[in-house]
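Inspection log for the structure reproduced underneath, given as structure tokens.
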Amino acid sequence: DAKTTQPPSMDCAEGRAANLPCNHSTISGNEYVYWYRQIHSQGPQYIIHGLKNNETNEMASLIITEDRKSSTLILPHATLRDTAVYYCIVSQLWSQNFVFGPGTRLSVLP
Amino acid sequence: GAVVSQHPSWVICKSGTSVKIECRSLDFQATTMFWYRQFPKQSLMLMATSNEGSKATYEQGVEKDKFLINHASLTLSTLTVTSAHPEDSSFYICSGAELAGLQETQYFGPGTRLLVL
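Chains A and P are the protein sequences, given in the same order.
Be aware that the first sequence starts at 604, since it is given in the numbering used here, and climbs by one per residue.
Be aware that the second sequence starts at -7, since it is given in the numbering used here, and climbs by one per residue.
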């Protein structure tokens, strides 16, 4: 079973920020939070990962709560091409046996 | 991010034949490679993990004699579906783990869609 819980679907207006939540209340101290997305009929695309500090890259920002029991992926200016299923995964850095849950289906609307 | 390719992107075969799928890391050496499959409207499920030069580790319920994995080098892994049957029709996705400093990140291929008739 996946160690994370995500809402099944979300809508976001084009140009607005998309905030995707993830609960991982049983995360252990040596587990990282990874985010991937899967556009229809393609392989998952790496977005970002983090341990406890907030992270930002050219694609997104990752906000991890202080107790590490939840996180939020932020796409600052969503475009139609960001429509995809977003997966939040927790895994140890050195033992990357990813368990994919159902993810969140994000629909960016014009 | 790092690039992983798969070949073929799709394949149609007759029941009982074997199909080989290649997975290559194009611009990095993958310390570990993974094979997943994804059925329609479902999430990815890990089938096996392989390290270069050693036997693959299969997840529970995945037949190692049916899904043969060869990890010949740090940039190439192959999955052979032996004696394929219609229930093996699925989307097969590989990934490679890239080590950068002390951090390891998994990058996925574009997937191979298999249809067994």
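Glycine included, C-beta positions come from ideal geometry on N, C-alpha and C.
Remember, predicted model here, so these are calculated numbers, not experimental data.
Contact under 7 Å by Cβ, His63(P) with Glu44(P): A contact, by the Cβ cut-off of 7 Å.
Bridge partner(s) assigned by DSSP for Ala621(A): In the DSSP output, where bridge partners are listed per residue, Ala621(A) has Leu678(A).
Supposed close pair Thr74(P), Leu60(P) - CB separation, criterion 8 Å: Contact flag correct, Cβ pair sits at about 6 Å.
DSSP-derived helix/strand/coil call for Glu79(P): It is helical.
Three-state secondary structure assigned by DSSP to Asp685(A): Three-state result, Asp685(A): helix.
Unbroken beta strand (DSSP E) run spanning Gln98(P), endpoints: First-last of the beta strand (DSSP E) with Gln98(P): Gln95 to Phe100.
Any 3 or more C-beta pairs closer than 8 Å across the stretch 694 to 703 of chain A and the stretch 627 to 641 of chain A: Counting C-beta pairs with one atom in each stretch, the stretch 694 to 703 of chain A and the stretch 627 to 641 of chain A have three or more that are closer than 8 Å, which means they touch.
Any C-beta of chain A under 7 Å from that of Glu96(P): Cβ-Cβ to chain A under 7 Å: yes for Glu96(P).
Test: Gly103(P) CB closer than 7 Å to a CB of chain A: Chain A contact via Cβ: present.
Rounded C-alpha distance that separates Ser612(A) from Arg708(A): CA-CA distance, Ser612(A) to Arg708(A), rounds to 4 Å.
Segment contact, 8 Å Cβ cut-off, at least three pairs: the stretch -4 to 16 of chain P with the stretch 76 to 89 of chain P: Yes, the stretch -4 to 16 of chain P touches the stretch 76 to 89 of chain P.
Arg601(A) - DSSP class collapsed to helix/strand/coil: An answer regarding residue 601(A) cannot be provided, because it is not within the stretch 604 to 713 covered by chain A.
Contacts of Gly704(A) in chain P (Cβ-Cβ under 9 Å): Neighbours of Gly704(A) across chain P, judged by C-beta separation under 9 Å: Ser35.
Residue burial classification, Glu79(P) (beta-carbon count within 10 angstroms, cutoff 16): The residue in question, Glu79(P), is exposed, as its Cβ has fewer than 16 Cβ neighbours within 10 Å.
Closer than 7 Å to chain A by CB, Ile13(P): By this cut-off, Ile13(P) is not an interface position.
Phe701(A) versus Glu617(A): straight-line alpha-carbon distance, rounded: Distance between the alpha carbons of Phe701(A) and Glu617(A): 30 Å.
Cα-Cα separation, Leu623(A) to Phe100(P): Taking the straight line from one Cα to the other gives about 21 Å.
Buried versus exposed call for Pro610(A) [16 or more other C-beta atoms within 10 Å across all chains shown]: Burial state of Pro610(A) is exposed, judged by a 10 Å Cβ sphere holding fewer than 16 other Cβ atoms.
Best match in Gln645(A), Gly706(A), Glu669(A) and His680(A) for proximity to Tyr690(A) [C-alpha to C-alpha]: Taking the Cα of Tyr690(A) as reference, the smallest distance to any Cα among Gln645(A), Gly706(A), Glu669(A) and His680(A) is reached at Gly706(A).
Neighbourhood of Thr682(A) by C-beta distance below 7 Å, restricted to the same chain and skipping five residues each side: Cβ within range, chain order: Glu617 and Val711.
Status (buried if at least 16 other CB within 10 Å, exposed otherwise) for Gly53(P): Of the residues assessed, Gly53(P) falls on the exposed side of the cut-off, its CB having fewer than 16 other CB atoms within 10 angstroms.
Cut-off 8 Å between Cβ atoms - residues of its own chain near His77(P), not counting five sequence neighbours on either side: Excluding positions up to five away in sequence, the list reads Ser7, Gly8 and Val108.
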